[in-house]
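Each residue of the sequence shown is one higher than the last, beginning at 8 in the working numbering.
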Amino acid sequence: MKNRLANDMKTALRNKDKQRLATIRLVMAAIKNQEIEKGELQDSDIFAIIQKEIKQTKESLEAYQKAGNSEQVQELTKRLAILQEYLPRQMTAEEIKALVLKVMDENNIQSPKEKGKLMGLVMPQVKGRADGKLVNKVVSELLK
Numbered sequence: 008m009k010n011r012l013a014n015d016m017k018t019a020l021r022n023k024d025k026q027r028l029a030t031i032r033l034v035m036a037a038i039k040n041q042e043i044e045k046g047e048l049q050d051s052d053i054f055a056i057i058q059k060e061i062k063q064t065k066e067s068l069e070a071y072q073k074a075g076n077s078e079q080v081q082e083l084t085k086r087l088a089i090l091q092e093y094l095p096r097q098m099t100a101e102e103i104k105a106l107v108l109k110v111m112d113e114n115n116i117q118s119p120k121e122k123g124k125l126m127g128l129v130m131p132q133v134k135g136r137a138d139g140k141l142v143n144k145v146v147s148e149l150l151k
């Protein structure tokens, strides 16, 4: 994944694609910071970094939309699209629901009081492939 980012950064530099270049540099800087702290990173760690950047970008996007700053909204929308290109295909709500039902059945979980336990069992299985908020929503609906 890191090699792909480096190659894409070179391509963006050659094509003078400033938005893509800035976005990839942002991710590469975050990766370097993590490597300084933890050493060599796996692809799953890099996906987590990209997801964190996506989350921050979405939050900024919402703030700029409320403020009515259309120029920043446009820029952040492009950044979001670029970042999402680097993530594996995300699970749909139906796929998450099927997985949650399977885990509930295997572990005999039916009470809303066991939500934390269920989330603890499901999240490692969907790491990098599903948004935590969506998983939480599906789990909450199924435990009602």
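Even glycine gets a Cβ: it sits at the ideal position worked out from N, Cα and C.
Suppose the cutoff is 7 Å on Cβ atoms and the five residues either side in sequence are ignored; what does the same chain contact list for Leu48 look like? Ile38, Gln41 and Glu42
To which residues of the same chain is Ser67 closer than 7 Å at the C-beta, ignoring the five residues directly before and after it? Leu83
Return the CA-CA distance between Leu106 and Glu60, expressed in angstroms with no decimal places. 26 Å
Could you give the uninterrupted runs of the alpha helix (DSSP H) lying entirely in the region 59-147, keeping only those of 4 residues or more? 77-91, 100-114 and 122-133
Pick from Gln97, Ala137, Val110 and Gly135: whose alpha carbon is nearest that of Lys124? Val110
Between Lys104 and Val133, is the Cβ-Cβ spacing less than 8 Å? no
Closest Cα partner of Pro95 within the set Lys25, Ser147 and Asp52: Asp52
Return the Cβ separation of Ile57 and Leu90 in integer angstroms, given the expectation that the two are a contact with Cβ distance under 8 Å. 6 Å
My understanding is that Ala19 touches Arg27, with C-beta atoms under 8 Å, so please give their C-beta distance in whole angstroms. 4 Å
Going by alpha carbons, who is nearest to Asp138 out of Glu121, Ala100, Ile116 and Leu108? Ala100
For Pro131 versus Leu150, is the C-beta distance shorter than 8 Å? no
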